[in-house]
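Asker: Below you'll find the structure I mean.
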Amino acid sequence: MRFPFLRSAVALAALALATSVRADPLVNNTGLTAPGTTITFSEVVLATDTPVTNQFASFGATFSPNLYYDPQAGLFPTPALGNYNNSSFPLINPASILFTQDVTAAAVAVQTGTGTTAFTALLDGVVVETFTAPTDSFGGNASNFYGFTNIVFNELRIQANPAFVIDNLQFNVSGAAAIPEPGTLALLLVGGLTTSAGFLRRRRA
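Residues in the sequence shown are numbered consecutively from 104, following our numbering.
In structure tokens, the structure reads:
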């Protein structure tokens, strides 16, 4: 009998490797290392305070209907989205970025009032991961990015205290064109080794 428990042991090892991979919160001043897509909100020109929902859908993202277009160079040098209307200032929270396809990583530049902001990744409405981080006060460093890597999700929810502005949305779409996550690579490696071992045993038989 040749290695009766080999396949079971390999399967357990693969499971352990796959489940050791977790979502990584991202906080830095550059965003993703190599984003597949970046939306600067200059792609579509809108009037000031236009509610933004599906105007950027062709670029890969839609938005909950409580974000407004702000084309003025102020907190960011390019047009941005804020959770307020300059005339009525409702400060609606939270707001969501809804990706038109599942993504494996996403980051967005954020400016807020002084305080902390909660970032939540969801997949089809179910929370996958969440974290809170201190966010910049208005007029501070406008290049801090927040988001997630090494996870599959299709919504990024932002809960700030109380107002926020976002710009330079970056993301990588899940699928064949995306770089495999470490857990996926581990499974592929183990699967290849198992296939090779089976082939060698058959050749020796």
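The beta carbon of each residue, even a glycine, is placed where N, CA and C say it ideally should be.
Output the boundary residues of the beta strand (DSSP E) element that contains N257.
Answerer: Residues 256 to 262.
Asker: Take Q204 and list the residues in its own chain whose beta-carbon comes closer than 8 Å to its own, dropping the five residues that flank it on each side.
Answerer: Counting only Cβ-Cβ distances below 8 Å, and skipping sequence neighbours, we find G163, N257, V276, S277, G278.
Asker: Going by beta-carbon coordinates alone, are P182 and I261 separated by less than 8 Å?
Answerer: No.
Asker: Count the C-beta pairs between the segment 130 to 143 and the segment 156 to 175 that are closer than 8 Å, then say yes if the count reaches three, no if not.
Answerer: Cβ pair count under 8 Å is three or more, so yes.
Asker: What span of residues does the beta strand (DSSP E) with D152 cover, start to end?
Answerer: No beta strand (DSSP E) contains D152, which DSSP labels as neither H nor E.
Asker: So, is G250 buried or exposed, given that buried needs 16 or more other C-beta atoms within 10 angstroms?
Answerer: The residue is buried, with at least 16 neighbouring Cβ atoms inside 10 Å.
Asker: Give the single residue among V213, S199, T235 whose Cα lies nearest to the Cα of G228.
Answerer: The shortest C-alpha separation from G228 is found at S199.
Asker: Out of curiosity, what's the CA-to-CA distance linking V230 and L129?
Answerer: Approximately 17 Å, taken between the alpha carbons.
Asker: Within 10 angstroms of the Cβ of G218, are there 16 or more other Cβ atoms? Answer buried if so, exposed if not.
Answerer: Flag for G218 reads exposed.
Asker: Please classify G185 as buried or exposed, where buried requires at least 16 other C-beta atoms within 10 Å of its C-beta.
Answerer: Answer is buried; the Cβ neighbour count reaches 16.
Asker: I'd like to check one pair, L259 with A224: are the Cβ atoms closer than 8 Å?
Answerer: Yes, the Cβ-Cβ distance between A224 and L259 is below 8 Å.
Asker: Give me the Cα-Cα distance between A126 and A266, rounded to the nearest whole angstrom.
Answerer: Looking at the two C-alpha atoms, the distance is approximately 26 Å.
Asker: From Q175 to V255, what distance separates their C-alpha atoms?
Answerer: Rounded to whole angstroms, Q175 to V255 spans 33 Å at the Cα level.
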